[in-house]
Structures are given as C-alpha cells and as structure tokens.
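> The structure's right below; bear with me while I get my questions together.
Pasting the structure below:
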C-alpha cells in the first residue's frame, strides 16, 4: 500500500514539475522550449527523475551490485566504442574513413563487439588457457580469482559443476555457438532467398505452391517444430554427435528459410513491377540475369538487415535447444548449455552476487552479441534507406 | 493603400541535404491583399511549394526558416507559438494539396473530414457545418451535393475529390488559401472543371489565394498577379496581362517560348508502303474486363503517331499489347508486314530488338544500383555481342548522341542525374538496341517544360537521322502539336478518330476530340471566361464526357 502511495506521489510530483517547466519554457524565445507539449515536458521530467534514481542506486545502495556492474560496463563500452570509431577515422581507405565519420556510437560499439567475438572464435585454441572439456579444478569455484571470496587466480571466471574452466569454455563457446549459427543463417538465406526471388519473378502456380508450402511450415510453432525434428534426427544420428549437430544446422536452416522466403518474395515482388525489370524482360533476358543482376542488387539492404536479425534468432534458437538438451551436445562448450547447467546458482543472488554471476556470464555473452548485431543492422538499414532518395 | 493581408519580407529558407544546411530560398518578398490571387510559377526546385508552406508559418521536415518575416494580418508567423498558429491554420489560412487522393484520409467519409475543422475551431457545430458543406458542394457543382459527402474518398472521381478538397478548405471561410498545384495530376477535361470551380468560389467569397503551378496557361486563368521564381530567387512580378504580353526578364521569356516548338508535318507515306508497325483490330482484356475494342492503326517508317486520350482510355494498354506484355485476345500485330507472336516470350531476339520502349518515370525505368555504362552497355552486349573496350566505345558514342559528355557520366548512378538527364539515358538504352520502332510512353509529362522541350527536340533529331518510327503516348495536346505527324484519339478502349495532324487540329472534329482540344488552357487570360460562355457551365468536364457516352 505504501509503495503504491509513494508511486502515486512521485507521479503527481512529476506532473507538477512538468507543468511548471513547460510554463517557464513558454516565456523563453527558444523555439523548442516554447512549443514543447505537456507530454514532452513530462517525458523530460521522467528522464531526470530516472537519472536521479540511478545515481542514488549507484552511490548509496550497497545491494545493487549488478546495477553497479552494468553501469561500469556501459561506461567502458562507450569509451571503447568511441576509441574504436576514432581509430577507424584515422586508419584505412577513404571509403572506410568516410563510413566511420558518419557512424553513430551504437554502431561502432556493435562493430567492435562483433569483431572481438569473431577474433575470439577464430583464435579460441590460442586464447583459452585450458581445453574446453578438460577437468582442471575443484567444482563450482566462484569467479573473481580472489581466494578470500572462494576463487582461484588460475580460474578468473571460476569453474563449472564438474570442474572445467569457465573462461576456456566461454571462449570455445564463441567458436561453437557463433560458428554454427553463422553457417545455419547462411544456408537459410541461400535457400529462402533464392526460392523467394524465383517465386516473385515466375509468379503464378509456382509461387502458389511454394507459398502454401511455406505457410504450412510457418503454421507450426518453430521451437516445437524444431524439437520434434531434433528428436527424430537424434534417432537417426545414433551415437554420432557430429551428425546430430549437422542435422540441427539443416533443421534450423529449413525453419528459418521460410521467414527469409517470405521477405525475399515480398521485396522481390516490389522490384519485379519496376519498369527496368519490364525493360529487361522485353530485351529477352533470362531468369538468372533478372534475379542476380537486376533484382538482387536492389534487395541487398532489406536482406542484409534481415540477415542480422535472423542471425540473432538462429543463435537464440540454438541456445534454447541446447538449454533443452537437444542442441549442441556435451562435451562441446556451448553458451546455451552453460546457462542450463549453472542455472540454479541464480537462486543465490541475494547471498552471493558472485555465485549468481556464474550462469549470467554465458547469458550475457548471448545478449551482448544480439544487441551488437542489432545495432549494426539498424545502422545499415538507416544508411541504405538514406541512399534511396 | 491598406495594409496587405500577407506580408513576407526577405524570407530565406534552408534545406538539409547531406547533413548540411543549404539555402534554398534566397530572400523573397511577397505582398498579398485581401481578395487577391497571386500566381507563383517556376520549374521544380524553384522553391514555390516551400514558400507556399512558409506563408502558413510551416516548414516540412528538413527545411527551416533562417531569416526574414512572414506576417499574416499583423501576426508574426515565424515566431508565433504553436498554439497561436494552430488557431489560425484551417480557420483563417487553408491549404489545398496537389494530390487530393493522398490528402484525404481513406478511412473517413468526405463530410466528416470536412466538418472537422469548423467544429474544432468552434466556428460552427456539426449540423450547421454539414449543411454548409452541402451548399459548398452545390456551388462547386459536384453531382448530388446532398449525398456525395457521405461517400468515402475512393468512391468519387479525381476531379470531384479535388473540388471536395477545395470545399473543405473553404469550410471556415478562410482569408487565405494556398493552392499547391491542385490540377497538375488531372486530365484536361477534368482540370477545366476544377479551375472553373476554384475561380468561382474564390471570387464569391473574396478569398485571397496563392496559386502555385508550373503551368503558365493555368496560372493565366487564375491569378491577378504572377510572380516568377527560379532556384529560390524572384525573377520578376507583374500583373497577369503585363506579364504575359511583355515579360521583362530573359528567363521568363524562355518559359513563354517553350510552347512555340513545332516541327513541320512530314509528307504522307507513299501509297502501298508497308507500315513498320501495323495494329489490326486488337481486343485486350484485364481478367474479364475488356480494355481495348477493335483498335487498329498503322505507323510508317520515320513517322510519329501520337496516341492521345485521358487516363483509362487504353493508350498505354495498346502499347503493352504491341510489346507483347499483355497479349491481346484477338487481332494481329505486324512488324514490317510480318505477323508477330502476341506474347513477348515467343518472339525472337531480333523481333524484340526492333521494338523498344521509353518510359514515363525515368526513376523506375533505370535500375538504381547500376551505373549508366552498365545500363546502356547491356543491350549493346546483349544484341551485338560487343565486350570490353568496344562496348565502352559504343556506350560513349551513344552518350554523345544524347548530348551528355561520356567521360563525365559513364560511371555515375542514376540517382546522381537530373530528371531530364535520366530520361536521356532511357532514350540511349532504347537506341542501343538499334530498333526501328520506339514507343514513348508519356516521356515528357514528368518533366519541366524547358527540359521536356529539350527531350522532344532530341527525339525529333534522332528520328531524322535514323528513320525511326515513334508511337508517342501522351495526354498533352501541346506535345502532340509539337512532334506528331499523325494523331490517334482514344476513348474507353476505342479509337474515336485518327488522321494526319493537320486534319485533326482543324475542324470539323469528332465531338470528343473537340472537347479535348477546347479544354486545353491557352495563354490568353480571358480564355476560361470565354470558353465557359461559349460552351455553358454544364458542358465541360465530366458532365460533357458523360453526355457523349
């Protein structure tokens, strides 16, 4: 009850403050302040209140460990992104320099993150202090590397439930999870894109058959469908774990290619009606010329944006399947499996933030890449839509 | 002299392009007294629409007022608070946009949109406003004024919608209306009806108006004074008659002179000559709807046949039949006396090469991701097998022929060209195939008059040099007069009349041709008044077309 009253009190105070601020703004000559709406003023007040709350939480509340970590991480990320952009502006060719000059900080952060992930994945055997399936220490060692809080400097991120080094597993996870997701997305795009453009160009019965088939596939909830197919596949694969991984790639690619098909077909249909396509048809051009030389160059922007998003979805699907136990099989390190295996530690958050951080590291790695990819995609979309006019 | 209603002094506007602000209007002065109509004319990019909006104290996104003043009845609109402006707009200042179809909300009935402003501003209540709307509809000569307001925008024709929009602008009896190209998107017979309606109602209520257009003949009918703009600068301003009779500036004179281009009609083809293209009694359908009924015409070597008619008359469909995109259900199309397969997929490469097309919208006709060299080079390579340096030479030669310096343009993208240049690239692409016959589908209607004239002269020169035959689809009779040898008039999918240009432009006419010809505005400021007296108020526009059916 008191919480509710306090909330209402804050709301009322904000409303009053917004009204006062707006009234004061209307007396100034600044056009933005003068024409500000009440809703706009309220938004500013809310923002100020949230900022004040954040500062209070950061400075005075002892329990807000995760909040403090988040703020610190945010600050480090912003500085890193800024420095990365600065470096991009002074190194490289004229074209890349120009790209970096117009880049927002979010995109620079996204690019930097993706670059780091890629490097980690490629150099995993060099970077990781131990092997991904090597049992090296005591089980469930806390991260931090400080013996006083139950850590060990040799395992800065601690160990898991059977004593494998978590830092090594996180690094190898980048290779497995990200690599498999990338391969899957590429297959999904090749299949879905090609069929979608074909359907848009040929039209008629061909389009109808393909579209209805895709409708049927899309009608089944994707995660359940994937689970079903994976169950069948695991019977086929028997004990061959690599086969199961291969099946998983194709199954997720198939399910995701239906979404790509929809997009490619819709984009293609908008391009097919253009006069330049008509001119090419009347010239007597063949189907492959129409698709690859006339349609594809005009569809790259939306397809690229979709690629970024699709990559995230595939990535999350793999993590989800692994979490459920049918995805990437042990002993291969995988972020989804890591989250599942360590999930129960989240219950100790109130007593030991360090213990709760165990499952969150893998989850954070997934979240960070997802956010980074989306930042870059947003930027690419913005740039390509700006180029159109 | 009383204080003007609208007083603009030294107005400068800036537009955002490539993230820098560049000046697009450089200090324009403007005075408008009560009950006066001022015509703003100029080519695209002259800043006329931007000035029109700034007169309401409004700018589009990416445009800002950077200097000068706009005073409406003593109120400073540049520095006014949003609330003050909101009280004025719709009530005392109204705006009529170019495309009524895009400006009405398709989800609401006309009369509900009409009554919104008066009710919001507290001028009238809902019921009074509805009755007033019906009176206005009647004044604007909309059919069934009692009932038409209860229709949705898609249920009335384009001309009716534009008049409904004018009625809506009038709903609060504003002191000032800005008309931004209100008739540009309309057919000639519809345009005249809207012009007459606008002029009547502005006179009756003594409303001041700014009339923005690029069409001189239209502005001559509507405006008391004309102001000519060029790239954000005022060129000159004078009373309409003075301006038409004795323009002072070279630029204005060049605008006036455009309409004088006319090439002599070529002698008739020899008897028994085989036409390049012969269309014989074709019937075409979209689904079950018949859009062409027994259309026949011949096009001889080196001649231009203009196909005219209003939108929906089937002139573009006829072109689609000739190209084979829409195979007619019956009838024969011959190329050099030889029967062509009706479907383009069944035609040989050689047959496809002989028939080329130039499109109305150069924007959609050129692939935006390909360079000019690739666009023109493809047909060169496809039909003649030229590759590498030879192909590049041929493209350069073609660019030279369309009067663009090859070195400068060959590696550009279409988005880096102006509208007229893009249209020239479209022409070069057609020429690259070395055809006998080119279909020009409204190739000049999206262009400014000076640019359009350049395109027409280029087409005429190429025809003389290469003995090309043109099928020239247009709704603009001035263009027909300029370039054609023969004219085919179409209406509702049928050929109404056809013959040499000389005969078509002199009486006696078929009644429909007569209506079309008489509906084309002339530069004489008394033209509309005289025409209305001559034909009668009920014998123009849709009404007259319907009588014929």
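Chains as they are written, first to last, in my numbering: chain E, 6 to 394; chain P, 4 to 552. Beta carbons are placed, not taken as given, at the ideal position from N, Cα and C, and that holds for glycine.
(1) How would you write the range of the alpha helix (DSSP H) that residue 394(P) sits in, first residue to last?
(2) For residue 24(P), which residues does DSSP report across the bridge?
(3) Cβ atoms of residue 46(P) and residue 451(P): under 7 angstroms apart, would you say?
(4) Cα separation between residue 17(P) and residue 57(E)?
(5) With respect to the alpha helix (DSSP H) encompassing residue 376(P), which residues constitute its N-terminal and C-terminal limits?
(6) In the region 376-398 of chain P, which residues sit with their C-beta less than 7 angstroms from some C-beta in chain E, listed in chain order?
(7) Just to confirm my understanding: we take residue 427(P), look at its own chain, exclude 5 residues before and 5 after, and list those with CB closer than 8 angstroms. What are they?
(8) Reducing DSSP to helix, strand and coil, say where residue 309(P) ends up.
(9) For residue 175(P), does the three-state DSSP call read helix, strand or coil?
(10) Taking Cβ-Cβ distances below 7 angstroms as the criterion, which residues of the region 343-354 of chain P are in contact with chain E?
(11) In whole angstroms, what separates the C-alpha of residue 162(P) from that of residue 368(P)?
(12) Against chain E, which members of the region 82-93 of chain P pass a CB distance test of less than 7 angstroms?
(13) Mapping DSSP to helix, strand and coil, what is residue 208(E)?
(14) Report the rounded CA-to-CA distance for residue 272(E) versus residue 148(E), giving the unit in angstroms.
(15) Which residues share a DSSP beta bridge with residue 216(P)?
(16) Quick check on residue 128(P) - is its C-beta less than 7 angstroms from some C-beta in chain E?
(17) Measuring only between beta-carbons, confirm whether residue 63(P) sits less than 7 angstroms from chain E.
(18) What number of angstroms, rounded off, separates the C-alpha of residue 285(E) from the C-alpha of residue 295(E)?
(19) On the premise that residue 342(E) lies in contact with residue 257(E), defined as a C-beta separation below 8 angstroms, what is that separation, rounded to the nearest angstrom?
(20) Out of curiosity, what's the CA-to-CA distance linking residue 23(E) and residue 15(P)?
(21) Going by C-alpha distance, which of 90(P), 101(P), 19(P) is nearest residue 67(P)?
(22) Less than 7 angstroms between CB atoms is the rule here; does residue 136(P) satisfy it with respect to chain E?
(23) Give a yes or no on whether the minimum CB-CB distance between residue 122(E) and chain P is below 7 angstroms.
(24) Assuming residue 507(P) contacts residue 499(P) under a Cβ cut-off of 8 angstroms, what Cβ separation, rounded to an integer in Å, is found between them?
(25) Flag this pair as yes or no: are the beta carbons of residue 38(P) and residue 211(P) separated by less than 7 angstroms?
(26) Of all Cβ atoms in chain E, is any one closer than 7 angstroms to the Cβ of residue 57(P)?
(27) May I ask which residues mark the beginning and end of the beta strand (DSSP E) holding residue 230(P)?
(28) Tell me which same chain residues have a C-beta within less than 7 angstroms of the C-beta of residue 93(P), skipping the five on either side of it?
(29) Between residue 536(P) and residue 217(P), what straight-line distance do the alpha-carbon atoms span, to the nearest angstrom?
(30) On the three-state DSSP scale, how would you describe residue 59(E)?
(31) Entirely within the region 108-193 of chain E and at least 4 residues each: give me those alpha helix (DSSP H) ranges in chain order.
(32) For residue 473(P), is the classification buried or exposed, using 16 other Cβ atoms within 10 angstroms of its Cβ as the cut-off for buried?
(33) Quick one, which of 440(P), 41(P), 496(P) has its alpha-carbon nearest residue 222(P)'s?
(34) Would you say residue 372(P) faces chain E, with C-beta separation under 7 angstroms as the test?
(35) The beta strand (DSSP E) that contains residue 152(P), what's its start and end?
(36) Could you tell me whether the Cβ atoms of residue 321(P) and residue 298(P) are closer together than 7 angstroms?
In brief:
(1) 391-404
(2) 19(P)
(3) yes
(4) 39 angstroms
(5) 375-387
(6) 382, 385
(7) 405, 406, 407, 458, 461
(8) strand
(9) coil
(10) 347, 352
(11) 28 angstroms
(12) 84, 85
(13) coil
(14) 48 angstroms
(15) 44(P)
(16) no
(17) no
(18) 7 angstroms
(19) 16 angstroms between Cβ atoms; not a contact.
(20) 35 angstroms
(21) 19(P)
(22) no
(23) no
(24) So it is not a contact: roughly 11 angstroms between Cβ atoms.
(25) yes
(26) no
(27) 228-233
(28) 120, 124, 175
(29) 26 angstroms
(30) helix
(31) 110-127, 129-132, 171-178
(32) buried
(33) 41(P)
(34) yes
(35) Per DSSP, residue 152(P) belongs to no beta strand (DSSP E) and is neither H nor E.
(36) yes
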